[in-house]
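**Student:**
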Amino acid sequence: MYWHFDSLAYQFLGEEVGVAEMLSESAIWLLRLDFTLEFPRPLMPNMVLVGGINCHVRNPLPEDLESWLLDGEHGFVVFTLGTMVSDLPEETTSVFLEAFRQIPQKVVWRYTGPVPDNVPENVKFMKWAPQNDLLAHPGVRAFITHAGSHGLFEGLCHAVPMVMVPLGGDQPDNAQRLASRGAGLVLDIFDITTEILLQGLNEVINDTRYKENVQKLSDLHKDRLVNPLDLSVYWTEYVMRNKGAKHLKAAVHSLNWIQYYCLDVIALLATVVLFFVILTVKCFKLIFWKLSRKRKQD
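As numbered in the numbering used here, residues 19 to 316 make up the sequence shown, in order.
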């Protein structure tokens, strides 16, 4: 799984260490997960959940952006497909623009490609958008996202209902987890049309159940004793203070592949079973031999 990235590890670490080996030797794992969206499961002692570490208190927006947003009375929508997508095919861009043209809300679209013609007055293209600050703004009504974990947690922190358009990787799974909890809905980027997008946006914005559900999830997510950033700092310093904190590390990381897959145990059990099978067959053969011999004598 990881061998494709070994060359990067060699390049930046300067040592011939594989990614899998580096992960197994890690003293502490800071995982951007949270049981608000995860299913219950056991964790190792050196695994710390810091989902939502990227959420921050709202900072003031630039004056020109703030004034543009306040100029609308129906709030606004934040739209971004992450840093990996610079622009979209012309047909897909037209679908989004036509849908945005038909809603009363303003739209802040993070878009780094060439600006298309006939952009609606309620749409503002930005090469970089202060996403956290926009989602924390009281005027936000919905968040159109590719369901990457970074944006998903920011939307969750600020209780913004979402229209999710996953593109790949962990995004489809992230989107379904949130949608199954009633905090948003999922659209297929390959089948999306103006009508489908418009219907989805209106549903998320106007159906109060989405806002109520995401607010409940947000309250659960933020109801914690220590915030994720402080928790990350604490455990990082803990590992440094305790020279790697080896007592937290599971022995599974030092097993070879035979031990890891319990092949030695399986071999032992198979040997025992085989022994009893052979013994049983031998016993039956002996019984049959004695019975047949007795019949011949009779």
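Where is the CB? At the ideal position from N, CA and C, for every residue including glycine.
None of these values were measured; they are calculated from a predicted model.
Between the Cα of Ser-85 and those of Met-182, Gly-169 and Val-126, spot the shortest distance and give me the residue it belongs to.
**Tutor:** For the purposes of this step, residue 85 is identified with residue 67 of the sequence shown, where counting begins at 1. Closest option to Ser-85, Cα to Cα, is Val-126.
**Student:** Under three-state DSSP, which class holds Gly-202?
**Tutor:** What you label residue 202 is simply residue 184 of the sequence shown in a count that begins at 1. In this structure, Gly-202 counts as strand in the three-state DSSP scheme.
**Student:** Please report how far the alpha carbon of Phe-97 lies from the alpha carbon of Ala-154, in whole angstroms.
**Tutor:** For the purposes of this step, residue 97 is taken as the residue at position 79 of the sequence shown. For the purposes of this step, residue 154 is taken as the residue at position 136 of the sequence shown. Cα to Cα, the separation comes out at about 14 Å.
**Student:** Count the other CB atoms within 10 Å of the CB of Asn-274; is the residue buried (16 or more) or exposed (fewer)?
**Tutor:** For the purposes of this step, residue 274 is identified with residue 256 of the sequence shown, where counting begins at 1. With fewer than 16 Cβ atoms within 10 Å of its Cβ, Asn-274 is classed as exposed.
**Student:** Following the continuous alpha helix (DSSP H) through Phe-118, name the residue where it begins and the one where it ends.
**Tutor:** To locate residue 118, count along the sequence shown from 1; it is residue 100. Run containing Phe-118: 108 to 119, per the alpha helix (DSSP H) assignment.
**Student:** Does the beta-carbon of Ile-284 have 16 or more other beta-carbons within 10 angstroms, so that it is buried, or is it exposed?
**Tutor:** For the purposes of this step, residue 284 is taken as residue 266 along the sequence shown, with counting starting at 1. Exposed, by the Cβ-count rule.
**Student:** What are the boundary residues of the beta strand (DSSP E) that Trp-47 is part of?
**Tutor:** In the sequence shown, residue 47 corresponds to position 29, counting from 1. From DSSP, the beta strand (DSSP E) with Trp-47 extends over 47 to 49.
**Student:** Please identify the residue among Trp-47, Gly-166 and Leu-48 whose C-alpha is closest to the C-alpha of Leu-99.
**Tutor:** Working through the sequence shown from its first residue, we reach residue 99 at position 81. Comparing Cα positions, the closest option is Gly-166.
**Student:** Cutting at 8 Å between CB atoms, please list the residues of its own chain near Lys-303, excluding the five before and the five after it.
**Tutor:** The residue labelled residue 303 in the question sits at position 285 within the sequence shown. Nothing listed; no residue qualifies.
**Student:** Which residue wins for smallest C-alpha separation from His-265, given the options Arg-59, Pro-179, Val-35 and Met-65?
**Tutor:** As a position in the sequence shown, residue 265 is number 247, starting the count at 1. Answer by Cα proximity: Met-65.
**Student:** To the nearest angstrom, how far is the alpha carbon of Asp-225 from that of Lys-267?
**Tutor:** On the sequence shown, residue 225 is found 207 positions in, with the first residue counted as 1. On the sequence shown, residue 267 is found 249 positions in, with the first residue counted as 1. Looking at the two C-alpha atoms, the distance is approximately 47 Å.
**Student:** For Ala-117, count the other beta carbons within 10 Å of its own beta carbon; 16 or more makes it buried, fewer makes it exposed. Which is it?
**Tutor:** Residue mapping note: residue 117 aligns to position 99 of the sequence shown, counting from 1. Buried is the call here.
**Student:** Can you have a look at Lys-261 and say buried or exposed, based on whether 16 or more other CB atoms are within 10 angstroms of its CB?
**Tutor:** Along the sequence shown, read from residue 1 onward, the residue named residue 261 stands at position 243. Lys-261 comes out exposed.
**Student:** Leaving out five residues on either side along the sequence, give the residues of the same chain with a beta carbon under 6 Å from the beta carbon of His-176.
**Tutor:** What you label residue 176 is simply residue 158 of the sequence shown in a count that begins at 1. Only Leu-153 and Ala-154 meet the Cβ criterion.
**Student:** Under three-state DSSP, which class holds Trp-127?
**Tutor:** Indexing the sequence shown from 1 puts residue 127 at position 109. The answer is strand: DSSP assigns Trp-127 an E or B state.
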